[in-house]
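Notes for the one structure printed next.
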Amino acid sequence: MRSKTKTILLAGLVAGTFDIIAAIFVYSFILDKTTAIKILQSIASGIFKKEAYSGGLQMALYGLGLHYLIALLFAWFYFTIYPYVPLLKKSTIISGLLYGIFVWIIMNLIVLPIVFPILPEKHFDFPLLLSITILMLCIGLPIASFTKKYYSPLQ
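When we follow the working numbering, the leftmost residue of the sequence shown carries the number 339, and every step to the right adds one.
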């Protein structure tokens, strides 16, 4: 039996896992800019501010939990609007990639500026394109795929 809740949970958990693994792999190992713990503490700092960076593994785990909560919210939103937005039904790949861009816009141009009023200026460069690409591939595509699979028998 199909379940909306299970579909949303699975989409959010898979997308959240792909996204955090990609972020850690790219920024910790390939670019050698930070550590996995610092990435997760940065996420936690959205709630705990500077305290997140001195909280060790506990704050990293809070950051991981917050990361999954955000992924689940984006999965829920896509799943909810899917039946009402015809564009999403045309191509899973295109809608998933576009949704990844949408997620980047929401997070980087709305959420982060609200949570952190002072942010570094954004430049159209490789790191920006890389962050958008990660969200397109790791968040947008999995969420679109799970949602399409759920709704396919109904169409």
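All C-beta atoms in this analysis are idealised placements derived from N, C-alpha and C, irrespective of residue type, glycine included.
Fill in: Distance, Lys371 Cα to Pro465 Cα
A straight-line Cα-Cα distance of about 11 angstroms links Pro465 and Lys371.
Discussion item. I'd like to check one pair, Ala482 with Gly434: are the Cβ atoms closer than 8 angstroms?
Written reply: A distance below 8 angstroms separates the beta carbons of Gly434 and Ala482.
Fill in: Per-residue burial, Thr418 [other beta carbons within 10 Å of its own, 16 or more giving buried]
Exposed, by the Cβ-count rule.
Discussion item. So, at 7 angstroms on beta carbons, what are the nonlocal neighbours of Val453 in its own chain, with the 5 sequence-adjacent residues on each side left out?
Written reply: So the qualifying residues of the chain are Gly384.
Worksheet item: Using DSSP with H/G/I as helix, E/B as strand and the rest coil, what is Glu389?
Response: Helix, per DSSP.
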